[in-house]
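Data first, discussion second: the structure below is written as structure tokens.
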Amino acid sequence: MLNGINTATCAANFVAALTPNPQINHQGLQMNQNEPILLSLGKEIQHIELERLKPHPRNEEIYGSCESIADLVELIKLKGHVQPLIIKADGTIISGHRRWRALTALGWKEAPVIVGDFETEEDELFVLFAENRHRQQTKVQRIREGMTVEPIARKLRDNHAAKEIFRAEQPMENFPLESLNLGLTAKEMQLTENIVAAIVGLGCGRNYRKGRTVVKAADRLRKDEPKLAQVWLDIINNRSVDAGYQIARMSENKQRETLEASAKLSPSSTSSSQQSKASISTSHNNLADEYSIGTWVIVNIPLFPLEKTPERKWNGFWGKISEVGVILKVDLGMEVVPLLPSDVELIENPTPSFCQVAERILRLQKFDTVHEFGKVILNRMQQTLLWDATTLAYLDAVEQIELARRAIEQAL
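In the numbering used here, the protein residues as written are 124 to 535.
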């Protein structure tokens, strides 16, 4: 049992929840004590009044309520229709909160819906994650996702530890994340925070642990000082998790002084509505502000949803943005990969020496003639930001061999 949940059924429900294709609820839809709306078998879409729908209580807690819907409103105006929302039998929205708000803003009376049968809250939450996976997320949103998924990560850690101890020939209870490559070593799998960070795309467990500390502290501060709490969260989103964590290590008086000073330096940061619009919007202009051609980024595709994503093989590799649009195109040397903004982490203020070495690595990765040992060296170097003298010597050797090969080919 996990938090009162039967884990024998949790796995199947977990995977089903991450694939938004719920079964139709055969018991009909009962809302606000009104007459039930009977749903036919199969995948038939029903239309119900917007006023009968209500947001999932955890959606605002994790993602906030101030996200701009202007782009979605314009899209619905242009198309004249909208993808069905996924809801529970009581009218709680599981997938489609922004669509619901956009339709309300447009004055629509009804929305197309499909009623899903969700046995546990975990099933519901993972559909929430799957929906938001396709939009740019702030660091704070990812941290809150991590705080929600932590019990599941703890179960995964325990299963892994049991396997290490008993080395059972028969597989243990089928837990859905077991089949995924989290990119963690056996030692890293011993810490729940490492697993959470890998799932939601926060890098390392230490980064998630720091972020969790700050978000919890900011939430406590919000009760008395909501504006300062928002400033604190904005520091995480706009600067770094570590910058927010340094404030968490201060005394309460010092924290307030620091946050008040930050608010004075950047008054607009106290407006959660303006900040959310600036940090979450996926419009081309906002992407251009944050990313530009030539920017160095690290690929870090979250593990939600659990659909097959070939690009996950590049997790941990850094590359250079070669095109900015609705999606980003990242040059990884071996290929140029299209990615969502939420799939990458910005390398802030890369040193000139890093850029110089990185350019050499990308250039060599484009050559299909590099020998196997050389490829191993290049791949390892492309998964770290610092290199020692020995590693750089190996790079020199690979480069010299490749230059010599090409010189010989030209001479012949």
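Don't be surprised by glycine CBs; every beta carbon is placed ideally from N, CA and C. These numbers were taken from a predicted model, which means no experiment stands behind them.
Distance between residue j and residue i (C-alpha atoms, nearest Å)
i    : j    : result
N282 : T315 : 12 angstroms
L509 : A481 : 10 angstroms
I168 : Q260 : 29 angstroms
F496 : P433 : 24 angstroms
S406 : T418 : The predicted model places S406 with a pLDDT of 42, which falls under 50 and marks its position as unreliable; any figure quoted below should be read in that light. Rounded to the nearest angstrom, the two C-alpha atoms are 18 angstroms apart.
I318 : T381 : 32 angstroms
V354 : K387 : 10 angstroms
T243 : V250 : 12 angstroms
K452 : Q479 : 21 angstroms
D194 : A534 : 58 angstroms
A212 : L229 : 25 angstroms
L462 : E375 : 41 angstroms
D347 : A341 : 10 angstroms
Y517 : A527 : 15 angstroms
K498 : D511 : 18 angstroms
R529 : L325 : 41 angstroms
F490 : M504 : 16 angstroms
E458 : P475 : 24 angstroms
G239 : K202 : 26 angstroms
K278 : M312 : 11 angstroms
V205 : S465 : 24 angstroms
A225 : L198 : 10 angstroms
D519 : A309 : 32 angstroms
Q150 : P349 : Confidence is the limiting factor: at Q150 the pLDDT is only 37, short of 50, which leaves the residue's position unreliable and the question unanswerable from this model.
R265 : I531 : 51 angstroms
F241 : E273 : 20 angstroms
K339 : R221 : 26 angstroms
R362 : E468 : 12 angstroms
N330 : I470 : 15 angstroms
G439 : F252 : 21 angstroms
Q506 : V364 : 21 angstroms
Q378 : R280 : 35 angstroms
Sequence-distant residues of the same chain with beta carbon closer than 7 angstroms to residue i, five excluded per side
i    : result
R345 : A352
D454 : G442, K443, S445 and L485
L487 : V493, L501, V521, E522 and E525
N360 : T261, K262, V263 and S402
F477 : L508
G219 : L208 and I209
T227 : L173
W437 : V422, L455 and V460
L248 : R181 and T271
T514 : M504
A384 : none
A276 : T315, I318, V319 and I322
I450 : P461, L462 and L463
Whole-Å CB distance - residue i paired with residue j, under 8 angstroms assumed
i    : j    : result
W231 : L176 : At roughly 11 angstroms, the Cβ-Cβ gap does not stay under 8 angstroms, so W231 and L176 are not in contact.
R425 : I322 : Per the sequence shown, the amino acid found at residue 425 is Pro instead of Arg. 7 angstroms between Cβ atoms; contact.
A371 : V420 : About 27 angstroms; that fails the 8 angstroms criterion.
G269 : R335 : 7 angstroms
Same chain, Cβ closer than 6 angstroms to residue i, neighbours up to 5 away in sequence not counted
i    : result
I358 : A366 and G367
R267 : I185
E245 : none
H170 : E233 and P235
G214 : M154, R175, L176 and K177
G328 : L314, E316, N317 and A320
L356 : V263 and A341
Residues of its chain near residue i, where Cβ-Cβ distance is below 8 angstroms and the 5 sequence neighbours each way are ignored
i    : result
I216 : L176, K177, P178, H179, N182, L208, I209, I210 and W223
R332 : E316
K200 : L229
L307 : N317, I318 and A321
R483 : L518 and E522
Residue i beta carbon near the ligand COA (any heavy atom closer than 8 angstroms)
i    : result
A384 : The model depicted lacks the ligand COA and carries no ligand whatsoever.
| request: Give, in chain order, every unbroken run of the alpha helix (DSSP H) that is at least 4 residues long and sits entirely within the stretch 333-394. | output: 349-361, 364-371 and 375-388, all fully within the stretch 333-394.
| If you scan the stretch 226-279 from start to end, which runs of the alpha helix (DSSP H) of 4 or more residues do you find wholly inside it? | Correct list: 244-255.
| request: Any chance you could list the beta strand (DSSP E) runs of at least 3 consecutive residues sitting entirely within the stretch 445-519, in chain order? | output: 451-454, 459-462 and 467-469
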